[in-house]
């Protein structure tokens, strides 16, 4: 936990323990719930593909679940998204996620087939599982990464993550332990192209456990209500407001613009802390990471804590009264001025432009 | 009578942290140290269980000598006993080595009084790993319950607990046996105020200090830098983007003229944004 007090790895020549050399290949845990794979798993397969090509090894997906739960279809999809192979563990005990059987299954798979790198999404499930698996295997785990790379010479995963609230980044390595484990934030890695010409082999492995071995029981699952659901992470257009809007009432201008654009609403941490919008709308280090096609930042200074959550957006428009605000250092377009007059003008300009286009489309 | 151990960490208040612009190091001077905010939800939940069933709450932390202040604060909220696990040999510990040391210390606590529940925060605000809780649970063979939004019931006779656990698409209601380890989600409760009698008691209570040996650790290869599989190979500031924003300026400086200019420029250079907008707005 006190990573910052540690000494750097040092420059002396590193040699991998020969007993660990048999660990080969990169695995991605394919996370699914109620028949749907979490998108982060595909993002990780795309990233794993790049890393594996540097190492000259295979990418494998790990699919665990109950028989008949679309698990084979998930393997197929894993191939389409970059996997060469899949490890499949089917058992009724794996129907709902529970720490104990999933930890047992994953550690058994690792011990049997020995991957050098194991990646999981930094979701509630992924972080619960990764922490348990790493402790059971007594290996290193880097949490919530935003960037991965490989030191090819020593076959070492370079896992980079924000630290101290995003003000610094640190790169962490797991040298003489295998597998090298990391959880990666959703929406940080790009989604790979789905290629249906790809295929691969499946290795099945049994879970060596029976229900009476498992102490925790799932009594019920209460799905989130879909009404009013905020899906910021996967929004294509986001309009976000910061404390530069000064008053909660002024935040209405953000909603007005978002309505015209069909956009999601985002906010900075101070805005959420003041209760102007719900916590699920927070973008940044302690909130969501987003990568929309268009991000409009209004009254947001662009502090690093916010920036880390949104600077992968395709186009960023920044509106701020302070010409020296850091947001102008990385936005695509900037307007310096009072948000209270610029926002209505921008809303109107978009409305005209988009309705003209839609009218043309109808006429054609 | 239920015995609960709450693991806390003293952290720098991240809202006040600054990075030195030249050396890229954390400027800790003058940054106040606080109890990791997520741990307060864990402590409050433990105190509520104690209020309901009667019991004993032990707070424990691993850290430098000044982490004693965090423990004293926890005592003032109502914890009964406090243990500071502190030893130079722990320096440089990653999450694996930290969970080893804390698990070992909790085993020592158990020798005095069996432990029914261990509470941790969801994660810390400085490390943000969420790995130490699961690590302790695995090492002590406790049932692991992470991201808990609510404790539904505790049955002290049957030694059972029912909780609500946040998962990606909803809430799992889980039933398991004690002893278990719970990591509490933020917003699950609100920390009580310290009462005057508790504040006085906190000031008078001796915080126990355990070094490596007192914490039951013989093998120093499992703790500190030696016991940590991970190494930090580089710490750096995020690279500034070299391309700055194109600032939209017009002759009149009128808002509507600037808005129109912006749209024209953007749609010419990024036609895919226009396509997306036409889809989203429709």
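Protein chains in written order, with our numbering: chain R, 1 to 364; chain H, 1 to 282.
Backbone N, C-alpha and C define an ideal beta-carbon position, used for all residues, glycine too.
For residue 175 (chain H), the beta-bridge partners assigned by DSSP are R:217 and H:162. Taking the C-beta atoms as reference points, residue 276 (chain R) is found nearer than 8 Å to residue 267 (chain R).
In the displayed model, residue 102 (chain R) falls within a helix according to three-state DSSP. Sequence-distant Cβ neighbours of residue 135 (chain H) in its own chain, meaning closer than 7 Å and more than five residues away, are 95, 96 and 99. If you ignore the 5 residues before and after residue 104 (chain H), its C-beta comes within less than 6 Å of the C-beta of 215, 216 and 217, all in its own chain and listed in chain order. Within chain H, the residues whose beta carbon sits less than 7 Å from that of residue 353 (chain R) are 263, listed in sequence order.
For residue 238 (chain H), the C-beta contacts it makes with chain R under 9 Å involve 162, 166, 167, 168, 169, 304, 307, 308 and 311, in order along the chain. Listed in chain order, the positions of the stretch 133-163 of chain H with a beta carbon within less than 8 Å of a beta carbon of chain R are 133, 134, 135, 137, 138, 139, 143, 144, 145, 146, 147 and 162. The alpha carbon of residue 91 (chain R) has as its nearest neighbour, out of R:27, R:211 and R:257, the alpha carbon of R:211. Under the Cβ distance rule, residue 60 (chain H) does not count among the residues neighbouring chain R, no pair being separated by less than 8 Å.
In chain R, no part has a C-beta under 7 Å from the C-beta of residue 10 (chain H); the shortest such distance is about 11 Å. In this structure residue 35 (chain H) does not touch residue 117 (chain H) by the C-beta definition: roughly 19 Å separates them, more than the 8 Å allowed. Per DSSP, reduced to three states, the secondary structure at residue 293 (chain R) is coil, with no helix or strand assignment. For residue 60 (chain R), not one C-beta of chain H is nearer than 8 Å to its own C-beta. Interface with chain R (8 Å Cβ-Cβ cutoff): residue 83 (chain H) is excluded.
Following the DSSP letters along the chain, one finds residue 110 (chain H) in no beta strand (DSSP E) but inside the alpha helix (DSSP H) bounded by residues 95-112. Non-local C-beta neighbours of residue 23 (chain R) in its own chain, meaning closer than 8 Å and more than five positions away in sequence, comprise 114, 115, 116, 178 and 179, ordered along the chain. Excluding sequence positions up to five before and after residue 204 (chain R), its CB lies within less than 6 Å of the CB of 88, all in the same chain and listed in chain order. For residue 67 (chain R), the three-state secondary structure derived from DSSP is coil. As for any beta strand (DSSP E) of minimum length 3 sitting wholly inside the stretch 114-157 of chain R, the runs are 117-121, 141-145 and 147-151, ordered along the chain. Each residue's CA atom was taken as its position, placing residue 34 (chain R) and residue 168 (chain H) some 11 Å apart.
Around the beta carbon of residue 193 (chain R), fewer than 16 other beta carbons lie within 10 angstroms, which makes this residue exposed. Beta-carbon to beta-carbon, residue 176 (chain R) and residue 16 (chain R) are separated by about 7 Å, close enough to satisfy the 8 Å threshold. The C-alpha of residue 76 (chain R) lies about 8 Å from the C-alpha of residue 200 (chain R). Any Cβ of chain H closer than 8 Å to the Cβ of residue 243 (chain R) would place that residue at the interface, and such an atom is absent. Put simply, of H:124, H:268 and H:82 the residue whose alpha carbon is nearest the alpha carbon of residue 183 (chain H) is H:124. DSSP places residue 258 (chain H) in the helix class (H, G or I) of the three-state scheme. Here residue 311 (chain R) is buried: its Cβ has 16 or more other Cβ atoms, across all protein chains shown, within 10 Å. Assignment of residue 264 (chain R) by DSSP, reduced to helix, strand and coil, places it in the strand class. Contact check for residue 329 (chain R) against residue 265 (chain H) fails: the beta carbons are separated by 8 Å or more. With its beta carbon at least 8 Å from every one in chain R, residue 20 (chain H) lies outside the interface. If you look at residue 226 (chain H), you'll find it isn't in any alpha helix (DSSP H); DSSP assigns it neither H nor E.
By the CB criterion at 8 Å, residue 148 (chain R) and residue 202 (chain R) fall outside the cutoff. Minimum Cα-Cα distance from residue 153 (chain R) among the listed residues R:230, R:94 and R:14 corresponds to R:14. The C-beta of residue 115 (chain R) comes no closer than 8 Å to any C-beta of chain H.
Against chain R, a Cβ distance below 7 Å from residue 170 (chain H) picks out 221, 222, 223 and 224.
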